[in-house]
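Read in order, the letters of the sequence shown are residues 1 to 183 in the working numbering. Heads up, the beta-carbon is just placed ideally off N, CA and C, and yes, glycines get one too. Here the structure is a predicted model, which is why all the values come from computation and not from measurement.
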Amino acid sequence: MRLNIFWDQLSPEGLQLPVGRMIASVTGIPAVVVENPVRIMGFVNARKQIDAQVQLDHLAAYTHQHRMDDPVLLVVTQDLFNPGHSSLFGLAREQEGVAVVSTARLTNEFYGLPASDDALIDRLVTEGAHEVGHLLGLSHCKNHECIMFCPDTLDELDGKKKAFCGSCQKLLDAQQQCRIDQI
Ligand SMILES: [Zn+2]
Ligand SMILES: [Zn+2]
């Protein structure tokens, strides 16, 4: 298995390689970053946000059409929402192996702070690996430092380590072993 990261052309330049490398190292899955081939869909003008479900529908249709079995993580800049959530850092659909993460609320600038590529890389890795964790079958975790903890705020996101806690890592290892056994 390998993780495909679709990097939208509006997403910050120069962060692809460190983000891809670090997500691969956190999840233990090799990652390839390519320019996003999928159209950005679901923009709602009144909200200036993208409906993440519509974008995932479109991404899933693309991976199905191209017979891609490996998980795909799409990185976009537009702010995300879905029915029931006024904003989202990201969203994953495990059954279809697709996830989306937005840089909009991961930048310091969004909160009126000085720009920092390092902070943005860290947050993209934490949030990206979280969504990949969902694609690998993991649910949310109560451990505030674990990648699979679901943060409501940027402070909670920044409080997480770039690692799965012991019990989430065990689940991940068991699932990967399962996949190897099936081959
Ligand atoms: Zn989650
Ligand atoms: Zn955990």
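Taking the alpha helix (DSSP H) that residue i falls in, what are its first and last residues?
i      : result
Leu17  : Gln16 to Thr27
His134 : Asp117 to Leu135
Leu154 : Leu154 to Asp158
If you reduce the DSSP assignment to three classes, tell me which class residue i lands in.
i      : result
Arg179 : helix
Gln49  : strand
His58  : helix
Leu171 : helix
Arg187 : The shown model of the chain, from 1 to 183, leaves out residue 187, and the question about it has no answer.
Phe220 : Past the boundaries of the shown model lies residue 220; the chain is included only from 1 to 183, so the question cannot be answered.
Phe110 : helix
For the candidate residues the options, whose alpha-carbon lies nearest to that of residue i?
i      : options                          : result
Thr107 : Arg123, Ile147, Gly97 and Trp7   : Arg123
Gln65  : His130, Pro37, Cys178 and Ser86  : Pro37
Leu10  : Lys162, Asn82, Gln177 and Val75  : Val75
Val101 : Cys146, His140, Ala52 and Asp69  : Ala52
Lys170 : Glu96, Gly28, Ser87 and Asp158   : Gly28
Thr126 : Ser116, Asn4 and Gly159          : Gly159
Ile40  : Ala174, Thr153, Leu56 and Ser116 : Leu56
His140 : Ser167, Ser116 and Asp118        : Ser167
Ser86  : Gln177, Asp117, Val54 and Ile50  : Ile50
Taking the beta strand (DSSP E) that residue i falls in, what are its first and last residues?
i      : result
Glu35  : Ala31 to Glu35
Leu3   : Leu3 to Trp7
His85  : His85 to Leu88
Asn82  : Leu80 to Asn82
Ser102 : Val98 to Ser102
Leu73  : Val72 to Val76
Just checking my contact of residue i with residue j at CB under 8 Å: how many whole Å lie between their CB atoms?
i      : j      : result
Val32  : Arg2   : 6 Å
Glu156 : Gly90  : Contact flag wrong, Cβ pair sits at about 14 Å.
Val44  : Ile121 : Incorrect: roughly 29 Å between the Cβ atoms, too far for contact.
Arg105 : Ala99  : The pair is not a contact, with the Cβ atoms about 16 Å apart (cut-off 8 Å).
Lys48  : Asp79  : 7 Å
Phe6   : Val72  : 6 Å
Cys146 : Cys165 : 4 Å
Gly97  : Leu135 : 6 Å
Worksheet item: What residues does ligand 3 have around it, judged by CB closer than 6 Å to any heavy atom, in chain order?
Response: Annotation note on ligand 3: not contained in the displayed structure, which lists ligand 1 and ligand 2 as its ligands.
Discussion item. Would the stretch 55-64 count as touching the stretch 14-29 if we require 3 or more Cβ pairs under 8 Å?
Written reply: no
Discussion item. Contact between the stretch 125-140 and the stretch 108-117 is defined here as three or more beta-carbon pairs at a separation below 8 Å; is this criterion met?
Written reply: no
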